[in-house]
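Residue numbers (this note's numbering), protein chains in the order written: chain A, 65 to 461; chain B, 5 to 334.
As structure tokens, the structure follows; a few thoughts come after it.
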Amino acid sequence: MKINRLIPFFAVAILVFGIISGCSSSKSSGGSGGKTVIKIATQTPLSGGSATLGDAIRKGAQLAIEDQKKAFAKKGFDLQVAPYDDQADPKKGVANAQLIAANKSILGVVGHLNSGVAIPSSEVYEKNNIVMVSPANTAVEVTERGMKTVNRICARDDFQGPSGASFAVKTLKAKKIFIIQDKTAYGSGLAQAFRDEAQKLGAKILGYEGITVGEKDFNGVLSQAAAQKPDLIYFGGVYAEGALIIKQARDKGLNIPIMGGDGMDSSSTVQIAGDAVKNVYFSTVVGDVTKTEKGKKFADAYKAKFGKNIESYSAYGYDSAAVLLEGLMKAIDKNGGKLPTREAVAQSVRGIKDYDGVASKVSFDSKGDNDYAKIYIYKFDKASYPATEITQISKKQ
Amino acid sequence: MLQQIIQILPQVIIDGLTLGFVYAVVAIGYTMVYGILELINFAHGDVFMTGSFIGAAVLFFMMSVGFLSSLPSLIVFIIVMAITAIVTGLMGVGIERVAYRPLRKRNAPKLIALITSIGISFVLEDVVRFFAELKTGNYIITSPPLFNQKMTLDIHSVMPVFNKITFQSSFILVFIVTIIMLIALDIFVNRTKWGMAMRAVAQDRETASLMSINVNRVISITFFVGSALGGATGVLFMIQYGTIDPYIGFILGIKAFTAAVLGGIGNIRGAMLGGILLGLLEMFAAANLSTITHGAMGAEYKDVFAFIILILVLIFKPEGLFGKAVVEKV
Numbered sequence: 065m066k067i068n069r070l071i072p073f074f075a076v077a078i079l080v081f082g083i084i085s086g087c088s089s090s091k092s093s094g095g096s097g098g099k100t101v102i103k104i105a106t107q108t109p110l111s112g113g114s115a116t117l118g119d120a121i122r123k124g125a126q127l128a129i130e131d132q133k134k135a136f137a138k139k140g141f142d143l144q145v146a147p148y149d150d151q152a153d154p155k156k157g158v159a160n161a162q163l164i165a166a167n168k169s170i171l172g173v174v175g176h177l178n179s180g181v182a183i184p185s186s187e188v189y190e191k192n193n194i195v196m197v198s199p200a201n202t203a204v205e206v207t208e209r210g211m212k213t214v215n216r217i218c219a220r221d222d223f224q225g226p227s228g229a230s231f232a233v234k235t236l237k238a239k240k241i242f243i244i245q246d247k248t249a250y251g252s253g254l255a256q257a258f259r260d261e262a263q264k265l266g267a268k269i270l271g272y273e274g275i276t277v278g279e280k281d282f283n284g285v286l287s288q289a290a291a292q293k294p295d296l297i298y299f300g301g302v303y304a305e306g307a308l309i310i311k312q313a314r315d316k317g318l319n320i321p322i323m324g325g326d327g328m329d330s331s332s333t334v335q336i337a338g339d340a341v342k343n344v345y346f347s348t349v350v351g352d353v354t355k356t357e358k359g360k361k362f363a364d365a366y367k368a369k370f371g372k373n374i375e376s377y378s379a380y381g382y383d384s385a386a387v388l389l390e391g392l393m394k395a396i397d398k399n400g401g402k403l404p405t406r407e408a409v410a411q412s413v414r415g416i417k418d419y420d421g422v423a424s425k426v427s428f429d430s431k432g433d434n435d436y437a438k439i440y441i442y443k444f445d446k447a448s449y450p451a452t453e454i455t456q457i458s459k460k461q
Numbered sequence: 005m006l007q008q009i010i011q012i013l014p015q016v017i018i019d020g021l022t023l024g025f026v027y028a029v030v031a032i033g034y035t036m037v038y039g040i041l042e043l044i045n046f047a048h049g050d051v052f053m054t055g056s057f058i059g060a061a062v063l064f065f066m067m068s069v070g071f072l073s074s075l076p077s078l079i080v081f082i083i084v085m086a087i088t089a090i091v092t093g094l095m096g097v098g099i100e101r102v103a104y105r106p107l108r109k110r111n112a113p114k115l116i117a118l119i120t121s122i123g124i125s126f127v128l129e130d131v132v133r134f135f136a137e138l139k140t141g142n143y144i145i146t147s148p149p150l151f152n153q154k155m156t157l158d159i160h161s162v163m164p165v166f167n168k169i170t171f172q173s174s175f176i177l178v179f180i181v182t183i184i185m186l187i188a189l190d191i192f193v194n195r196t197k198w199g200m201a202m203r204a205v206a207q208d209r210e211t212a213s214l215m216s217i218n219v220n221r222v223i224s225i226t227f228f229v230g231s232a233l234g235g236a237t238g239v240l241f242m243i244q245y246g247t248i249d250p251y252i253g254f255i256l257g258i259k260a261f262t263a264a265v266l267g268g269i270g271n272i273r274g275a276m277l278g279g280i281l282l283g284l285l286e287m288f289a290a291a292n293l294s295t296i297t298h299g300a301m302g303a304e305y306k307d308v309f310a311f312i313i314l315i316l317v318l319i320f321k322p323e324g325l326f327g328k329a330v331v332e333k334v
């Protein structure tokens, strides 16, 4: 009887002990050897449905920070990366943003993956003057609110959507288009921009339907699509649902091109959809970096460091962090080699012009958008990842 | 407008039935536990999810040993189902032992058990996520293809008002297996000694124990049967939809619970019917809402539509479709 009572007590005691020792060990690794610690936070989903992409951004940023570590060490700073997991959840993102704001050693954020998370979180960054460089947020609203701390190196939805539409209508000759979106800021933003441009170009929109993230059965919507016989389906959303839509659409006999946004750009799309992935197109803000010499070198370094092949956003995570560090370095120099304020870093990052990154050149305009952002169109020819780049559409046309 | 609805109706019914059968079997797990303990076992949705993962694990193991190519897929399927059902059944019994029985012994309020079940559901989700992520770092698991031949039923040539319907062969499997499970359960509850004991405990636990029924064992059996059915349905779900992740249990669990309420919670036949009805309603709404409302409301309102129907039913029949109006037990 007594032993029975004691077992839960021991279980709890061991658990508490484990948590405490876990915490303390992570603290002890933060020894900085008398240098001033500067931390760059990453905020991306490290768990949850889009963890593959989120983790790629984190790893890319980590690589950039490690590359620059020496240069900062010379000036007496210890550069560290502080990864946060936003779980693709706005509430979690904002909670993390508060933590980041409270941690005075953090001078910049690389993130987020999801626009829906970036928008509320950046309100917190703005209040605390923490500069954010986003590798992947394409929603228009992210920079359109005129915040001085928010920057992005990728293209915007109001450019990605129309580019996709112009490709679908002009190149694929789609006349009747059925649109599905996932009701998130990202998915519906993209789908709306696509719809408006496609209509302008003369295509007929047969339907504009929403689905719920996290569900697995989209047969209802697809039956409706199949009944109207479209010659292209456009999906605004992420691969977890997108790949299933591809698969279920093919099961319904819809052997037409299916197009999506950059959320479809993942090896999981192929894994889930299998052979059905053929004849699927997606527009994305990230190019195939391995086409350039610099990009190849990056891919090799990434593979050597993490033992994984690069994902689409890896290079953008790298560039975001690199741009941030470039701005930070300038701010340090301006401040006479001393630790700059967060405001100064934000100003300095916004002022970056013609930075030559791995994936893209970067020049921020007054809103924080990148002048050199491009849209790339990819196609899955066979059931393997990555897809092949077909064409690119530049912002400055 | 009506013509288009009718055209796709057979396809909608097929898809709706697939989803509905899954809801129905999961709903049974909720309704059985509620019938006996008056406990809403929120962890049941995640038992379903765990079942799908155990099924995937067994399937992957059999594939690596080479069984998958040497045995006919139907036998592979039966083995996977049996292993999964036993494991999840025992898991259900374990959950009851560890989490609910101690509470019951101390006469804790029902609300505490409810909160505990929510806790268990979080634990299951993250434990499964941990194991699923171990190998690939990605917890969305894609199962090896089984029963994925495409079938087309050309009813268009027989009845021109309908479009022809297409489905995977796994649909037939889901259909047959769930019907077998539902009938077997019905016989078990209504015709066997243990079934009678279960009904007795559900009616009045104390009197049943006076009639020399081992109440704790009956509760264990209830959890075993409910969880085994839930886990087996997880396997069906995995085969039908091809991908699973640790969070499928949440939304599906809530919908199945709703189905149980719709049919009258505590009533097994009600849960079956409620599940099928909810699946059909949802699929119908997803396919036709924008046609009916001329684009004002899209498929994203399918759940709103389904739940409005649910509320309407409950307004006129608060005890659910099959539930009996029960006088408050004191």
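From the three backbone atoms N, C-alpha and C, an ideal C-beta is built for every residue, glycine too.
Model, not experiment: these values are computed from the prediction.
(1) So, helix, strand or coil for A:Thr348, using DSSP?
(2) Can you tell which of B:Lys114, B:Met95, B:Leu285 has its C-alpha closest to the C-alpha of B:Glu42?
(3) Determine, using beta carbons only, whether B:Phe57 and B:Ile280 come nearer to each other than 8 angstroms.
(4) Here's a check: name, in chain order, each residue in its chain whose Cβ is nearer than 7 angstroms to the Cβ of B:Gly59, leaving out the five neighbours to either side.
(5) Can you give me the C-alpha to C-alpha distance between B:Leu293 and B:Ser173, rounded to a whole angstrom?
(6) The beta strand (DSSP E) spanning A:Lys438 covers which residue range?
(7) When Cβ atoms are compared, which residues of the stretch 273–288 of chain A fall closer than 9 angstroms to chain B?
(8) Of all the residues that make up the stretch 152–182 of chain B, which are near chain A by a beta-carbon distance shorter than 8 angstroms?
(9) With a cut-off of 8 angstroms, does the C-beta of B:Asp50 fall near any C-beta of chain A?
(10) Since A:Gly432 contacts A:Asn193 with CB under 8 angstroms, what's their CB separation in whole angstroms?
(11) Can you check which of these residues, A:Gly210, A:Gly228, A:Gly271, is closest to A:Lys454 by C-alpha distance?
(12) Measuring alpha carbon to alpha carbon, tell me which residue in A:Ala289, A:Gly415, A:Ser347 is nearest B:Ile9.
(13) Going along the chain, which residues of the stretch 307–327 of chain A sit with their C-beta nearer than 9 angstroms to a C-beta in chain B?
(14) Quick check on B:Glu129 - is its C-beta less than 8 angstroms from some C-beta in chain A?
(15) Here's the rule I'm using: 16 or more other beta-carbon atoms within 10 Å means buried, otherwise exposed. How should B:Pro76 be labelled?
(16) State the CB to CB distance for the pair A:Val197 and A:Leu388, rounded to an integer number of angstroms; the pair is presumed to be in contact (CB under 8 angstroms).
(17) Do A:Leu296 and A:Leu236 count as a contact pair if the criterion is CB distance below 8 angstroms?
(18) List, in chain order, every chain A residue whose beta-carbon is nearer than 8 angstroms to that of B:Asn220.
(19) Any idea if B:Glu210 is buried or exposed, counting beta-carbon neighbours within 10 angstroms, 16 or more meaning buried?
(20) Report the partner residues of B:Val26 according to the DSSP bridge assignment.
(21) Compare the C-beta of A:Gly113 against all C-beta atoms of chain B and say whether one is closer than 8 angstroms.
(22) Could you check if A:Glu357 is buried or exposed, using at least 16 other CB atoms within 10 Å of its CB as the buried criterion?
(23) Taking a contact to mean a Cβ-Cβ separation below 8 angstroms, would you say A:Ile121 touches A:Val173 in this structure?
(24) Is the Cβ of A:Gln335 closer than 8 angstroms to any Cβ of chain B?
(25) Given 7 angstroms as the limit, tell me if B:Thr226 has its C-beta closer than that to any heavy atom belonging to the ligand FMN.
(26) Please compile the residues from chain A whose C-beta is within a distance smaller than 9 angstroms of the C-beta of B:Leu21.
(27) Rounded to whole angstroms, what's the CA-CA distance from B:Gly253 to A:Ala166? Just pull it up for me.
(28) What residues from the stretch 302–326 of chain B come within 9 angstroms of chain A, judged by C-beta to C-beta, listed N to C?
(29) Verify the CB distance criterion: does A:Gly415 have a CB-CB separation below 8 angstroms to chain B?
(30) For A:His176, is the classification buried or exposed, using 16 other Cβ atoms within 10 angstroms of its Cβ as the cut-off for buried?
(31) What does the alpha-carbon distance come out to for the pair A:Val158 and A:Pro109?
(32) Grab me the residues of A:Ile269's own chain with a C-beta within less than 7 angstroms of its C-beta, minus the 5 sequence neighbours each way, in chain order.
(33) Check whether the stretch 298–312 of chain A and the stretch 255–268 of chain B touch, using three or more Cβ-Cβ pairs below 8 angstroms as the test.
(34) Could you give the DSSP three-state label for B:Gln153: helix, strand or coil?
(35) Taking the alpha helix (DSSP H) that B:Leu75 falls in, what are its first and last residues?
(36) In the DSSP assignment, find the unbroken alpha helix (DSSP H) run with A:Phe141 in it and report its ends.
Based on what the coordinates show:
(1) Residue numbering aside, residue 348 of chain A sits at position 284 when the first sequence is read from its first letter. Of the three classes helix, strand and coil, the one that applies to A:Thr348 here is strand, per DSSP.
(2) The residue given as residue 42 of chain B occupies position 38 in the second sequence. Of the listed residues, the one whose Cα sits closest to B:Glu42 is B:Lys114.
(3) Translated into positions along the second sequence, residue 57 of chain B becomes position 53. Translated into positions along the second sequence, residue 280 of chain B becomes position 276. No, the pair does not count as a contact, with Cβ atoms beyond the cut-off.
(4) By one-based count along the second sequence, residue 59 of chain B stands at place 55. The answer, listed in chain order, is Val84, Thr88, Gly238, Val239, Met242.
(5) Locating residue 293 of chain B in the second sequence gives position 289, counting from the first residue. Locating residue 173 of chain B in the second sequence gives position 169, counting from the first residue. Between B:Leu293 and B:Ser173, the C-alpha separation is close to 28 angstroms.
(6) If you number the first sequence from 1, residue 438 of chain A lands on position 374. That run of the beta strand (DSSP E) goes 438–444.
(7) Glu273, Gly274, Ile275, Thr276, Gly278, Glu279, Lys280, Asp281, Phe282, Asn283, Gly284, Val285, Leu286, Ser287, Gln288
(8) Lys154, Thr156, Asn167, Thr170, Phe171, Gln172
(9) The count along the second sequence starts at 1 and reaches residue 50 of chain B at position 46. No - not a single Cβ of chain A is within 8 angstroms of the one on B:Asp50.
(10) One-based indexing of the first sequence puts residue 432 of chain A at position 368. One-based indexing of the first sequence puts residue 193 of chain A at position 129. Incorrect: roughly 14 angstroms between the Cβ atoms, too far for contact.
(11) To locate residue 454 of chain A, count along the first sequence from 1; it is residue 390. Contrary to the premise, residue 454 of chain A reads as Ile rather than Lys in this sequence. Checked all of A:Gly210, A:Gly228, A:Gly271; the closest Cα to A:Ile454 is A:Gly228.
(12) Numbered from its first residue, the second sequence carries residue 9 of chain B at position 5. It is A:Ala289 whose Cα lies nearest to the Cα of B:Ile9.
(13) Ala307, Leu308, Lys311, Gln312, Arg314, Asp315, Lys316, Gly317
(14) Taking the second sequence and counting its residues from 1, one reaches residue 129 of chain B at position 125. Chain A contact via Cβ: absent.
(15) Here residue 76 of chain B refers to the residue found at position 72 when the second sequence is read from its first residue. Per the 10 Å Cβ criterion, exposed.
(16) Numbered from its first residue, the first sequence carries residue 197 of chain A at position 133. Numbered from its first residue, the first sequence carries residue 388 of chain A at position 324. Indeed they touch by this definition, with Cβ atoms about 5 angstroms apart.
(17) For this step, residue 236 of chain A is matched to residue 172 along the first sequence. For this step, residue 296 of chain A is matched to residue 232 along the first sequence. For A:Leu236 and A:Leu296, yes; Cβs fall inside 8 angstroms.
(18) Walking along the second sequence from the start, residue 220 of chain B turns up at place 216. None at all; the shortest Cβ gap to chain A is about 16 angstroms.
(19) Here the question's residue 210 of chain B lines up with position 206 in the second sequence. Result: exposed.
(20) Walking along the second sequence from the start, residue 26 of chain B turns up at place 22. DSSP, once it has assigned bridges, lists no residue as partnering B:Val26.
(21) What you label residue 113 of chain A is simply residue 49 of the first sequence in a count that begins at 1. So, interface residue.
(22) Start at 1 with the first residue of the first sequence, and residue 357 of chain A comes out as number 293. Per the 10 Å Cβ criterion, exposed.
(23) Translated into the one-based positions of the first sequence, residue 121 of chain A becomes position 57. Translated into the one-based positions of the first sequence, residue 173 of chain A becomes position 109. Their beta carbons are not under 8 angstroms apart, which means A:Ile121 does not touch A:Val173 by this criterion.
(24) If you number the first sequence from 1, residue 335 of chain A lands on position 271. So, interface residue.
(25) The ligand FMN is absent from the structure shown, which contains no ligands of any kind.
(26) Numbered from 1 along the second sequence, position 17 holds the residue referred to as residue 21 of chain B. What B:Leu21 touches in chain A: nothing, since even the nearest Cβ is about 11 angstroms away.
(27) Position 249 of the second sequence, counted from the start, is the residue given in the question as residue 253 of chain B. Position 102 of the first sequence, counted from the start, is the residue given in the question as residue 166 of chain A. Cα to Cα, B:Gly253 sits roughly 36 angstroms from A:Ala166.
(28) Gly302, Ala303, Glu304, Tyr305, Lys306, Asp307
(29) Taking the first residue of the first sequence as 1, we reach residue 415 of chain A at position 351. Taking Cβ atoms only, chain B never reaches closer than 8 angstroms to A:Gly415, which makes this a no.
(30) Within the first sequence, residue 176 of chain A is the residue found at index 112, counting from 1. A:His176 is buried by the Cβ-count criterion.
(31) Walking along the first sequence from the start, residue 158 of chain A turns up at place 94. Walking along the first sequence from the start, residue 109 of chain A turns up at place 45. Cα to Cα, the separation comes out at about 13 angstroms.
(32) Position 205 of the first sequence holds residue 269 of chain A. Answer for A:Ile269: Ile241, Ile243, Arg259, Ala262, Gln263, listed in chain order.
(33) no
(34) Residue numbering aside, residue 153 of chain B sits at position 149 when the second sequence is read from its first letter. Residue state, collapsed to three classes: coil.
(35) Mapped onto the second sequence, residue 75 of chain B falls at position 71. Unbroken run through B:Leu75: none, as it is neither H nor E.
(36) By 1-based counting over the first sequence, the position of residue 141 of chain A is 77. Segment 141–149 is the beta strand (DSSP E) holding A:Phe141; no alpha helix (DSSP H) there.
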